[in-house]
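Heads up: the structure comes next, in structure tokens.
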Amino acid sequence: MSASILTQSHPAPVHLVRWVASIRDQLKPPVGNKLLNGDGCEFKVMVVAGPNTRTDYHLEDGEEWFYMVEGDMCLRVVDGGVFRDVVIREGESFMLPGNIPHSPQRLANTIGLVIERERDQTEIDHLRWYCPQCREIVHEGTFHCVDLGSQLKPVIEGYYASTESRTCSKCGTLDLHPSQRTPPAADPAGAAKKPGHNSINPDTHPNPFNLRQAIEAKGIAPGSSAFLYGPESQFHLKASRGPSTSVEFKAAANETWFYQLSGSCTVNVQVADKTESVQVDEGQCYLLPRGISHAVQRSADSLGLVLSRP
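Under the UniProt record's numbering, residues 1 to 310 are what the sequence shown spells out, in order.
Okay, here's the thing in structure tokens:
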């Protein structure tokens with residue numbers, strides 16, 4: 001494996017489960033996240049551990065991909081103005097559209113993988129709190145997101161330090177600390193929608209599904225790939241089955257993230273008129289920088305995920 005393509009922001013492939021074990025003691029409330037790839041990267045690849053203590057709802061322009069590595073989680077969303085729970089179980093995948101208020105609820109001894117994209121200079125993220133009584137917006141903090149791991153905590157702590165911020169202007173209810181309450185529960189069927197909220201399109205962003213079962217159901221032939229999300233979504237997630245040998249080098253305008261579910265793949269890259277190779281083994285993930293001309297070889301009976309942006 002050559003060192004010239006590998007950098008601090010785009011290091012050698014990492015075994016996801018082993019890496020989680022090595023940093024598990026760093027995953028602390030209120031958010032419990034740690035970036036695997038972040039600074040200087042287009043894709044923000046992070047793991048998030050439970051339990052967490054969040055009652056806020058996060059909004060951003062881009063999509064977020066959720067995959068549960070250990071245990072189950074509940075993603076509370078405001079979908080078309082209706083509060084509902086999206087349960088993501090171990091081994092399941094879910095692609096959240098942009099601009100959907102969401103509040104991840106994680107139990108103890110759970111690990112999830114979350115991938116977002118970097119923000120444009122003009123993009124603003126929002127942290128929003130809803131009144132537990134009347135469900136009006138109580139407070140909304142905004143920030144330009146550079147490092148979600150470090151930026152969420154001060155916004156959350158600042159909100160709970162202010163009685164004024166936590167008092168609903170409509171009904172006067174004082175929002176309690178997370179240790180004393182949970183986010184608004186799911187609305188009953190047929191509940192009236194609150195205006196001003198986007199909806200999740202189930203055709204492009206379906207409910208959570210078991211990743212491996214979905215791949216098997218597609219019947220992907222050896223040497224072929226199939227979309228799990230896309231081409232309508234911002235993120236394109238494909239499953240690729242080996243054996244395959246790509247001889248055509250192509251440069252992607254954006255980063256490409258590889259995750260090997262079984263077997264291995266070799267990412268051959270062209271750098272300064274030389275061809276170098278990065279091998280991604282079973283259980284490993286690797287983030288290829290944008291603009292790098294590359295071709296991928298896959299071993300027999302291998303299966304891998306490839307996440308990219310068009």
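Glycine included, every Cβ here is placed at the ideal spot set by N, Cα and C.
Predicted, not measured: the structure shown is a model, and the values here were computed from it.
#1: State the DSSP-derived secondary structure class of residue 320, mapped to helix, strand or coil.
#2: By the DSSP assignment, the beta strand (DSSP E) with Ser225 in it spans what residues?
#3: Would you mind working out which of Pro13, Phe235, Pro29 sits nearest residue 312, comparing C-alpha positions?
#4: Over the uninterrupted alpha helix (DSSP H) stretch that includes Ser22, give me the two end residues.
#5: What number of angstroms, rounded off, separates the C-alpha of Ser293 from the C-alpha of Leu107?
#6: DSSP state of Leu75, grouped into three classes?
#7: Given that a residue counts as buried once 16 or more other Cβ atoms are within 10 Å of its Cβ, and exposed if not, what is Thr55?
#8: In terms of DSSP beta bridges, what is Cys265 paired with?
#9: So, under 8 Å CB-CB, Val296 and Ser264 are touching, yes? Tell me the CB distance rounded to an integer number of Å.
#10: Whole angstroms is fine: what's the gap from Ile111's alpha carbon to Cys171's?
#11: Give me the Cα-Cα distance between His144 and Leu59, rounded to the nearest whole angstrom.
#12: Under a three-way DSSP split, which group does Arg117 fall into?
#13: Roughly how far, in whole angstroms, is the beta-carbon of Leu305 from the beta-carbon of Tyr259, given that I think they are within contact range, below 8 Å?
#14: Is it buried or exposed for Gln8, if we count other Cβ within 10 angstroms and need 16 for buried?
#15: Is the distance from the Cβ of Asn52 to the Cβ of Val45 below 8 Å?
#16: Would residue 343 and Ser4 be called neighbours here (beta carbons separated by less than 8 Å)?
#17: Taking the C-alpha atoms as reference points, what is the distance between Arg24 and Thr142?
#18: According to DSSP, simplified to helix, strand and coil, what is Gln234?
#19: Taking all protein chains shown into account, do 16 or more other C-beta atoms lie within 10 angstroms of the C-beta of Ser150, making it buried, or fewer, making it exposed?
#20: Going by the DSSP bridge assignment, what does Asn37 pair with across the sheet?
#21: Considering Gln105, what are the terminal residues of the beta strand (DSSP E) in which it resides?
#22: Taking the beta carbon of Ser2 as the centre, do at least 16 other beta carbons fall within 10 Å, making it buried, or is it exposed?
#23: For residue 312, which three-state DSSP category applies?
#24: Answer yes or no: do Glu255 and Leu287 have a C-beta to C-beta separation smaller than 8 Å?
This is what the structure gives:
#1: Residue coverage of the chain in this structure runs from 1 to 310, which leaves residue 320 outside it and unanswerable.
#2: The residue labelled residue 225 in the question sits at position 225 within the sequence shown. Per DSSP, Ser225 belongs to the beta strand (DSSP E) from 225-229.
#3: The structure shown does not extend to residue 312, since the chain is modelled only from 1 to 310, so the question has no answer here.
#4: Numbered from its first residue, the sequence shown carries residue 22 at position 22. Unbroken alpha helix (DSSP H) run through Ser22: 16-23.
#5: On the sequence shown, position 293 is the one that residue 293 refers to. On the sequence shown, position 107 is the one that residue 107 refers to. About 42 Å.
#6: Here the question's residue 75 lines up with position 75 in the sequence shown. DSSP places Leu75 in strand when its eight states are reduced to three.
#7: Taking the sequence shown and counting its residues from 1, the one referred to as residue 55 is at position 55. It is buried - the Cβ of Thr55 has at least 16 other Cβ atoms within 10 Å.
#8: In the sequence shown, the residue the question calls residue 265 occupies position 265. Val280, Arg298, per the DSSP bridge assignment.
#9: For this step, residue 296 is matched to residue 296 along the sequence shown. For this step, residue 264 is matched to residue 264 along the sequence shown. No, Val296 and Ser264 are not in contact; Cβ-Cβ is about 11 Å, not under 8 Å.
#10: Position 111 of the sequence shown, counted from the start, is the residue given in the question as residue 111. Position 171 of the sequence shown, counted from the start, is the residue given in the question as residue 171. Distance between the alpha carbons of Ile111 and Cys171: 37 Å.
#11: The count along the sequence shown starts at 1 and reaches residue 144 at position 144. The count along the sequence shown starts at 1 and reaches residue 59 at position 59. Each residue's Cα considered, the two are about 12 Å apart.
#12: Residue 117 sits at position 117 when you count from the first residue of the sequence shown. Strand at Arg117.
#13: Counting from 1 along the sequence shown, the entry for residue 305 is found at position 305. Counting from 1 along the sequence shown, the entry for residue 259 is found at position 259. Rounded, the Cβ-Cβ distance is 4 Å, consistent with contact.
#14: Along the sequence shown, read from residue 1 onward, the residue named residue 8 stands at position 8. Label assigned to Gln8: exposed.
#15: If you number the sequence shown from 1, residue 52 lands on position 52. If you number the sequence shown from 1, residue 45 lands on position 45. Their beta carbons are not under 8 Å apart, which means Asn52 does not touch Val45 by this criterion.
#16: The question about residue 343 has no answer here: the residues shown for the chain are numbered 1 through 310.
#17: Your numbering for residue 24 matches position 24 in the sequence shown. Your numbering for residue 142 matches position 142 in the sequence shown. In a straight line, the C-alpha of Arg24 is about 29 Å away from that of Thr142.
#18: Counting from 1 along the sequence shown, the entry for residue 234 is found at position 234. In the structure shown, Gln234 sits in coil (DSSP, three-state: anything other than H, G, I, E or B).
#19: Working through the sequence shown from its first residue, we reach residue 150 at position 150. Answer is exposed; the Cβ neighbour count stays below 16.
#20: Taking the first residue of the sequence shown as 1, we reach residue 37 at position 37. Asn37 pairs with Val45.
#21: Indexing the sequence shown from 1 puts residue 105 at position 105. Where Gln105 is concerned, the enclosing beta strand (DSSP E) stretches over 102-106.
#22: In the sequence shown, counting from the first residue as 1, residue 2 sits at position 2. A caution first: Ser2 carries a pLDDT of 48, below 50, which makes its placement in the model too unreliable to give a value.
#23: Lying before the first or after the last residue shown, residue 312 is absent from the chain, which here runs from 1 to 310.
#24: Along the sequence shown, one-based indexing puts residue 255 at 255. Along the sequence shown, one-based indexing puts residue 287 at 287. Yes, Cβ-Cβ distance for Glu255 and Leu287 is below 8 Å.
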